[in-house]
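Sequences listed follow chains B, Z, V, W and L, in order. Per the working numbering, the first sequence starts with residue 337, numbered consecutively. Per the working numbering, the second sequence starts with residue 2, numbered consecutively. Per the working numbering, the third sequence starts with residue 62, numbered consecutively. Per the working numbering, the fourth sequence starts with residue 241, numbered consecutively. Per the working numbering, the fifth sequence starts with residue 207, numbered consecutively. Written out below as structure tokens is the structure these notes cover.
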Amino acid sequence: MIHLAGPYLLAAVLAGLGAYGVLARRNAVLVLIGVELILNAANLLLVSVAAAGGDRWAAGNVLTLFVITIAAAEVVVALAVVLAVYRLRGDVDLDDVDLDDATVGEGQR
Amino acid sequence: MVILTSLVVPAAVAVWLLTGGRTVSHRTANLLASVASVIALAAVVVAVIVRPTVDRAWVPSLGLRWQLAVDGISAPLLLLTAILGVGVVLHTLDRPPKGGTTAAFHACLLLVEFGALATFYARDAVLFFVAFELVLVPMWVLITRFGDAHDAAARADAGGRFVLYTAFGSTLMLVGILALVAKSGTSDLDVLAQGGGHGIPVGTQTLVAALLVAGLAVKVPVFPLHTWLPPAHTTAPTAGSVLLAAVLLKMGTYGLVRLPLASVPDGFAKVAPVLAVLGAIGIIWGGLACLVERDLKRLIAYSSVAHMGFVILGLSSGTRTGLQAALFANVAHGVISALLFVVVGGLKERWGSADLETARAALREVTPRLGFALIVGLAASLGLPGLAGFWGEFLSVYAAWSPAADRPEGLFRTLAVVAAMGTVLAAAYALRVARTVWAGERTAPPIEDSRDSEWDVIAVLVVAVLLLGIAPGPLLAMTGDAVTTIVGAAP
Amino acid sequence: MSAAAVRLVVLVPTVAALIGLLLARRIDPRAARFVAVGASLLAVVMALLQVIAVGGSSRVTIVHTIPALEAGELRIPLELQATVGTATIALVVAIVGWAVQAFAGWYLREDDRYGIFAATVSLFTAAMLLVVQSADLVLTLVGWEVMGWCSYLLIGHWSRNESARRAALKAFLVTRLADVGFVLGVVILAAGAGSTAYPQVLQAWAATDCPDAGACAAPNATLRTAAMVLLVIGILGKSGMVPFHDWLPDAMEGPTPASALIHAATMVAAGTFVIAQLFDVFAASEGARWLLALSTAVTMVYAAVLAFGQSDLKRLLAYSTLSQVALMLSALAVAPADEGPGAGVLHLYSHAFFKALLFLAIGWLSVTVGGTAATAMRGGLRGHLFIRPAMFVGLLSLAGVPPLVGFVSKEHVLAAAEAGAADGQARAWIVLLAGLLTVVLTAAYCMRAWLVLDDLTAADIERHDADTATFPVRALVTVLTILTLVGGLVVFTPLLDLGGHIGWLVALLSVLLIVGAGLAVRSLANGEDPAVQIVGARMPLFDNGFGVDRLYVDYVARPVVALAHLVVFLDREVVDAYVRGAAAAASLGGSGGQRAHRAERASSGLAWVVAGVVAVALAGVALW
Amino acid sequence: MIATTVASASVAPAATSLVTFDWSVLAPVLVPALAAVAVLVLDVLAPRLVRLHATVGVLALVAGIALTVPGVLRTADDPLRTLCLPAPDGCLFEAGPLASALQLGALGSALVVLLLSWPGTDPRDHLRGGPAVLVSLVLAATAGAAGVAAAHDLGSWLVCLELATLPAIALVALRGDAPAGRGALALLTTSLVSFAMVALGAALWLVSTGEAVFSAAAATEALADPQRRVVLLLAALLLLAGLGFKLSLVPFHVWTPQAYAGATEPVAAFLAATSKVAALAALLVVVRPLVGAGAPVLFGIGMLAAVSMTLGNVLALVQDDPVRLLAWSTVAQAGWVVLPLSALNEQSAAASGGYLLAYVIATLVAFVVVHVVTSTPRLRGATDLGRTLTAYTGLLRAHPLLGGALGLALLSLAGLPPGVVGLIAKVVALRPVVGAGQWALALVAVLNAVIGVAVYLRWFAVLLRDPDEGPARPVIRSIPRPALAALVLSGAALVATSVMPQLLLGLLD
Amino acid sequence: MTALDVAFAAVGLITAASGLLAVTTRHVVHAALWLVVCLGAVAGCYLVLGAEFVALVQLLVYVGAIVVLVLFALMLTRAPIGPNSEISTSRLHRVLAGVLGAGVTALLAAALVPIAGPAVERHDTSTTQVAEQLFGTWVWPFEILSLLLLVALIAAMAVSRMTRPEQAADEVQAAQVQAAQTPSESA
């Protein structure tokens, strides 16, 4: 016997932490960490549904596996992009404003 | 068949001119456009006599059909459009457009004609909207590309105002149309008119009517939505001004008759007092503005606001007389303003500007033909009996004095008095123009009198002004039956 | 026969106007003259035929024109009518029209725009004939307004003069302003009747007892009074009554034939005829009658006073027209309901002849002496053996000396006032007193005019008339003179349906007054222009009509123009401000948004995302 | 590994089949997916035959387009189904007319993108990875887009959605310069967060309905219970937010101008067209079961629509770079796309799809022309002049075909005839809103229609000018043949649907 | 409170605490390491919830692969070792972020906790069951997922080989070669 309130609460906390992580970090890689936390919150919910037997076709488990795999794929691409940007700019700071670039919107490129 | 001919021929020639025939000479383009517009005119005449209908599916998913027909309300406007369609092309013959290719100019003229004809033919509310929008871009091109050569900024401003303002109005109208269609389940204007809004709660009817009226009021234009008109007229080339005043504005009033008045009469009755008040304000407002306006073209534009006020007043009264008055005044204003714009446009070409403050030779002395045309136009504009302007205005005042039973009588009677006062202002500004431009002792610098195609167009319009004034019967008879079906027989 | 004649009476001058318009640009004026004079003669013939056809019957003949207009609820039959009265007045109008055309053909022979003038006169005549013959309010209105427009064209004929342009503008605007009343009156009457035909309108509005209470509702008295007051306002404007009187003297800027036409039998007198047509309704509206009585009483005296002091004889005639028209309208205002409008119509009839005669004579004279100022004309008649008697007859008639036509009609008017007074109408007393005062004043200015024109002390002037005026001109002056002399005999024919008679006591009184006034003026004149003697240095004040023009400018024109400036300002700065504001807001929003997005930081993008989610979610939570 | 998994797709079902397989129904997804792999294989075998890769891609897309036709021809009540479970569970893959039409839109737009990015036609072409990578990424993303349209279960929905997204990030980054990096980074971070939200939303969906499919029955049942209703609505809002990113709805739009401006024009076109089709398709899958969810979802969608169209239009009004203008126009148009969904009645989904397809056609034409103009050598001035509006001065006269196509596209986007398709699309989009009596939203839409007209006419006015007024008259001697094909293809679609809007709207019902 | 509840509470506290540290620490590398702890603890949660296969995958894929990748990335981008305040945004920004994060938590908790209901019997899903469903019902998304992974790999390789634009010209040739090699590598 298990209370589902626990996993639900934990998922809520993880999602909140992830949201904070996403917002409070300037480094692209650290933002990624926040995203992973949110994904784990989602996974936790999926698994707890499975634990309660409230799904069919093992959906809770299978979907968790899918999310994990997609997350892996994302991380691969994300890191490639981050590396590329790092090579181009020397940092992966999301708030870095390249002044030449910022004027693009004014059509003076 | 004839309906389609009158639509397809101008459209096809316009498309060819825009694509294949971009480099044709002015003569060729004009010849082609003339032929197209004459064919369209012939087809319209036949259509008005035979009254055929066209009903073909176009966008079944929307229930949108090419549903075209002619009735007493649209027939005069169709004729007006087709005649002026020929007129503006003819008028262009001797004056190659500046600012773009002649092919594009002619194509735009034909497209405006096509759109206006389609609007007047349309018997499907959504099709009406589509056709209504058709004229926007060609008209915009006429204003921004072929308008006043001196001032590019003014052209852009005027064109932008025109297209944005009217797009706003027509989109608002679209919302109204869609609401109407949603509530009544059909977009067939005839069915809607027969239904007369039965089964739709009055509150909804009022909302729908308000939307439709607000949208269409922009096009008419009704005070205070008129500020796009003066700049548009001032900068547009003569042919554009003529089409704008004589055809495009009519689409607004025509829409008011077809949509809110016919389809949601109870709702329209609620909106009508407001509309009537605005119409009356427009009469006074336009008249007063004309008293001190310096630019002749702007002045005539403001006078259009005043004249359309009479149309609005007649429409709002809810009686058959009022509707007749509105329809008559509509056509009359079309002819008169076309005449005035041809004359004034010609003057602007000759003078280089249309500023009244500049002292110039009196037309009466140096250019008898232009002078005559101008004075006829002004006389008609001030509502002189025996000329086209009188009947609509008189009947409009009459209708406002004795409105339908569900209209506030006291208010409408007050408005009748106000409208009648407006005729004094019309006289004042018309004679102001006559005094500064037409009469006078100056004979220098001389300008060339009207000749050839310009004079032909003017002559036709003068004759039309006289005919409508002397024999209003045929036009009134033409609209009579249709008006009865819309308003219903007298109790 | 009679129907055709009725139609042709109106149609002939109309067609002449159209043809004249087409011929107007020919250099050679002969064709235009031929058409104009010929058509006007033809119209006289037609009018004569009509008189004969209608004969003495009291029947009303209704004549169809173009098909009736069905304007929704309103029916506009557009019919003409012929009665004895209309036929007679039509004849008078036609004769005056012919006289003016014939005279103008000579008078304007040098004018390069004679053709258009002749066409306009034809149109003017046609419009007046339409008013006379109309059996339909709308047709009346058409004729009414067309006359106004023609008067604008005629007064402004010499538009190279600034003063002529101004006078034309003023004439049209003032009458147009008053016409608002006329139009609204017509509208109200038509709205009550559902038709614009006179018979229906009369039936619907007249105070007749309804035979069957259920069949016809009693007319709304308030509305009726409103309608008639409005109509009277229109008529006051067209006829130049106080307070709309100022345009008429200025209208002298037009060529003299035009003045003759406007003053004699057409525009200014048209109101009389219109009220006569609607007399049954009018008689029942006390308010309207009071208005008319007061306005005419003031006008007749005021204008007569002004006439006396004019330095220009043509303007003297203009003011005399005001006074006389006031007289004829006053008859309508006070005549007892059972007596009918006959007195007024009779005065219209007689005034047409003598005033046309006077104008043409003075026009002729002005050609020879080169102006119409009193100083220029001084002794002008001395050389004119032909005009002198004509002028003499005309002035006598104007003064109301028996047995000339002017005496007959004026006495009818006074008699009507007397009858009204006897009826117990307070306004009739006013009118009667004003009328008697006017008699004195009229005699005075007629005497003055005669003294000036026939000044024996002036140097003898060569005889011009024999070699300048053409035969038609002589003929018309002769005809008008004869009509002025013997026109009064009409009261013994059934041609004018006269309800009144001449009150012999009043007649005697007025004759005495005339003689007395004449003698007094003569004695005061002392061989000089009496006006100079009496008015003296105040003449310019008389010349500008006691400065009423200034009042119009200050209290009507200026405020309206100021209002117009306000409207233009509001149009630009308020109404259009929303439009410009919307455009400005859009581009401001655009550049503001652009600045907000300028950095385009990825992390701010993320913040947007999360904030958006939370906002949307909270909104959702708040709303579920 | 790849070879085996692909092979297992055909082998596995036979072994442990719980679901049925109908290859022809799956084909619009499978063909581009297989082609993506095939291109990579070809690249190994014949790395020098760069044109061959593109050819394979084009052929696959054409085949895919042909294969969507059966689905389009079905009625909404009777879609093509496959991956069916024994009754009563229904099927996990349903291709009705709307889904098929969206597949068609995705495949067609991808076809235009491939033609535009044909190897060797752009002198600035220095993409990383070579043409094969580009082609296979486009094909894979297209397969994802096509798949998500028909997906009925959470699993394939999530996977397909991500398949449609991830390659796009890489495509932006492939250009390999600083703006591209910035754009890719913005797109990446936003898409990561959005995916997280989508995953969370999907999890909540499962929690509340207990079903791993987007089924109307389960959703209705969950909505009936007040507590589960809250969770379901939260799920819906999270899903909506996550998809809002892909659709470029405000406030999830910030990446859009950056990514568009950083990417090559064909990739930007891909983001503006194919990617949007995928996003809307995904959204429709979520929204359809929620008919009856009531105010919160409707309010959320309505707000997103109103804010997006306003902000997008207003910002587009001040742009001077045509690509950025189109980016902001995408934001605005996205608002229009979801506008009908705020009514959530039976017309809404089709209306939304119809508007999207009309937008996709018009915007593709615009991108094709922009690409041709920017990749064309000029008489004088720098090579990137094509990225300012003035570069288009007098295009209508200088090059009627390009100018005419661009003009018609702009008018369609503005919703003005002769771009009738745009006008009809606006009618279609407004109809459900007005029908549901959402007057405030309708008013916002009206205002935005006007601002939209201003946005596009501002550009159109430039086309109308005299070519000599421009700073550097473009010398467009000849358009590369693939680009010409793209122009003709998309232009013909635009003209045809303008003349016969039924061609477009008929797809949807 | 059942035994499982207690176990879950224990693991859950570790998860929450390490997650908090992962998003707040100023050491870049520490953040990644705390993430390892957190993800591992989540795997523990899965075990408590009876999903052993998922827990295994979580350890293998997440902790094993993803975190390693993250660490590599941090090192390749020369993330500083030791405390560094520049990795976080400004204080105000963080406060706002905190509020938003708390909001997310509150919202989710408020929605989810009411439906948690009383204690339920734990429903274990065996690996066999998962496998059967994965290759039965879920085979279609599973296959698509394989394509997704392939594409992600290709894309990552192509993107991570980016060089500065000035070297672009001679990169075209190299890129083709590289693209040719990519599939074989992944295979």
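A virtual CB, placed ideally from N, CA and C, is assigned to each residue, including glycine. Remember, it's a predicted structure, so these values are computed and weren't measured experimentally.
Contact set for residue i: own chain, Cβ-Cβ below 7 angstroms, skip 5 residues either direction
i: Ala-265 of chain V; result: Gly-253, Ala-254 and Pro-280
i: Arg-124 of chain Z; result: Gln-68, Leu-69, Ala-70, Asp-189, Leu-190 and Asp-191
i: Ile-80 of chain V; result: Val-96
i: Val-395 of chain V; result: Ala-354, Ala-477, Ala-478, Gly-481, Gln-486, Arg-488, Ala-489 and Val-492
i: Leu-382 of chain B; result: Gly-396, Leu-399 and Thr-400
DSSP state of residue i mapped onto helix, strand, coil
i: Leu-374 of chain V; result: helix
i: Ala-362 of chain Z; result: coil
i: Ser-718 of chain W; result: coil
i: Gly-481 of chain Z; result: helix
i: Ser-548 of chain W; result: helix
i: Gly-441 of chain B; result: Because Gly-441 of chain B carries a pLDDT of 36, less than 50, the predicted location of this residue cannot be relied on, and the following value inherits that uncertainty. In this structure, Gly-441 of chain B counts as helix in the three-state DSSP scheme.
Chain V residues whose Cβ lies nearer than 9 angstroms to that of residue i
i: Leu-226 of chain L; result: In chain order: nothing, as chain V lies at least about 18 angstroms away.
Buried versus exposed, by CB contacts within 10 Å (16 or more), residue i
i: Val-145 of chain V; result: buried
i: Asp-296 of chain Z; result: buried
i: Asp-362 of chain W; result: buried
i: Gln-655 of chain V; result: buried
i: His-493 of chain W; result: buried
Contact set between residue i and chain V, taken where Cβ atoms lie within less than 7 angstroms
i: Thr-145 of chain Z; result: The premise fails here: Thr-145 of chain Z is roughly 16 angstroms from chain V at the closest Cβ pair, so nothing lies under 7 angstroms.
i: Met-437 of chain W; result: Val-674
Neighbour list for residue i in chain Z, Cβ cutoff strictly below 7 angstroms
i: Phe-233 of chain V; result: Ala-428 and Leu-432
Residues bridged to residue i [DSSP beta-bridge criterion]
i: Asn-31 of chain Z; result: In the DSSP output, where bridge partners are listed per residue, Asn-31 of chain Z has none listed.
i: Thr-122 of chain V; result: V:Ala-143
i: Ala-391 of chain W; result: W:Phe-333
i: Ile-137 of chain V; result: V:Leu-130
Under 7 angstroms by beta carbon: chain W residues contacting residue i
i: Ile-374 of chain B; result: Ala-436 and Leu-440
9 angstroms Cβ cut-off: residues of chain L touching residue i
i: Phe-333 of chain W; result: Trp-346
Cross-chain neighbours of residue i in chain W, by beta carbon under 9 angstroms
i: Gly-342 of chain B; result: Correct list: empty, because the minimum Cβ distance to chain W is about 14 angstroms.
Within chain L, partners of residue i - CB distance below 8 angstroms
i: Val-695 of chain W; result: Under the 8 angstroms cutoff, chain L gives no residues; its nearest Cβ is about 32 angstroms from Val-695 of chain W.
Check: residue i C-beta below 6 angstroms from any heavy atom of the ligand FMN
i: Ala-157 of chain Z; result: The ligand FMN is absent from the structure shown, which contains no ligand whatsoever.
Own chain, CB closer than 8 angstroms to residue i, minus 5 neighbours either side, in chain order
i: Arg-370 of chain L; result: Because Arg-370 of chain L carries a pLDDT of 48, less than 50, the predicted location of this residue cannot be relied on, and the following value inherits that uncertainty. No residues qualify anywhere along the chain.
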